[in-house]
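Quick note on numbering: the sequence shown equals residues 1 to 155 in our numbering. Please read the structure below before turning to the comments.
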Amino acid sequence: MSETQEDYTKNIDVMRVMDRIPHRYPFLMIDKVREVIPYERAVGIKCVSMGEPHFQGHFPGKPVMPGVLIIESMAQTAGVMVVTSLGPESEGKLVYFMSVEEAKFRRPVEPGDYMEVHVTKKQNRGQVWKFKGEAYVDGKLCAEATFAAMIRDRP
1 MSETQEDYTK NIDVMRVMDR IPHRYPFLMI DKVREVIPYE RAVGIKCVSM
51 GEPHFQGHFP GKPVMPGVLI IESMAQTAGV MVVTSLGPES EGKLVYFMSV
101 EEAKFRRPVE PGDYMEVHVT KKQNRGQVWK FKGEAYVDGK LCAEATFAAM
151 IRDRP
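Here you go:
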């Protein structure tokens with residue numbers, strides 16, 4: 001049974017996320033993508049768990065998700081959006097960071113949090129895409145950044 005366009009853009013579970021981007025545990029920073037509006041925006045979900053390896057040292061007694069990993073979750077959500085926009089023939093391509101700007105961290109993300117990652121395409125020229133990303137827990141803004149990435153074929 002072939003997947004319809006709507007099926008391809010809604011409720012992308014972790015297995016379908018891994019079809020679209022090459023990241024794997026322990027560096028897969030999203031658990032699913034709830035929605036993609038091709039070429040416009042996407043919403044990724046990260047269920048933050050105490051079992052994640054970075055919490056062993058960041059920080060003992062007061063675990064906090066590192067800001068760079070929150071930004072990585074934005075980038076991975078954006079990568080799923082790009083591949084979903086371009087279609088199944090783009091699955092498995094690599095999306096490389098080019099820049100991160102205006103990163104701000106408003107409140108900590110902790111184990112047990114359900115983090116929603118919203119990315120919006122700001123512009124796209126050829127293989128270069130620019131995004132605005134925001135991470136929320138319980139409807140409260142935790143982090144935001146503007147970033148650019150380039151999509152490339154695997155070597």
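Backbone N, C-alpha and C define an ideal beta-carbon position, used for all residues, glycine too. As the structure is a prediction and not an experimental result, all values here were calculated from the model.
query, result
"Just the Cα atoms here: how many angstroms apart are M29 and E89?", "23 angstroms"
"Under a three-way DSSP split, which group does I30 fall into?", "coil"
"At 4 residues or longer, and completely inside the region 4-89: list those alpha helix (DSSP H) runs for me, N to C.", "5-9, 14-20, 67-86"
"Short check: CB of A42 to CB of V119, under 8 angstroms?", "yes"
"Can at least three beta-carbon pairs, one atom from the region 25-40 and one from the region 72-85, be found at a separation below 8 angstroms?", "yes"
"Inspect the beta-carbon positions of L154 and L94 and report whether they are closer than 8 angstroms.", "Note on residue identity: the sequence assigns Arg, not Leu, to residue 154. In this structure, L94 lies closer than 8 angstroms to R154 by Cβ."
"Round the Cβ separation of V48 and M115 to the nearest angstrom and send it over; I've been treating them as touching at under 8 angstroms.", "6 angstroms"
"Quick one: measure Cβ to Cβ for A148 and I71, integer angstroms, because I've assumed they're closer than 8 angstroms.", "That belief does not hold up - the Cβ atoms of A148 and I71 are roughly 12 angstroms apart, past 8 angstroms."
"Can you name the start and end residues of the beta strand (DSSP E) that Q123 belongs to?", "114-125"
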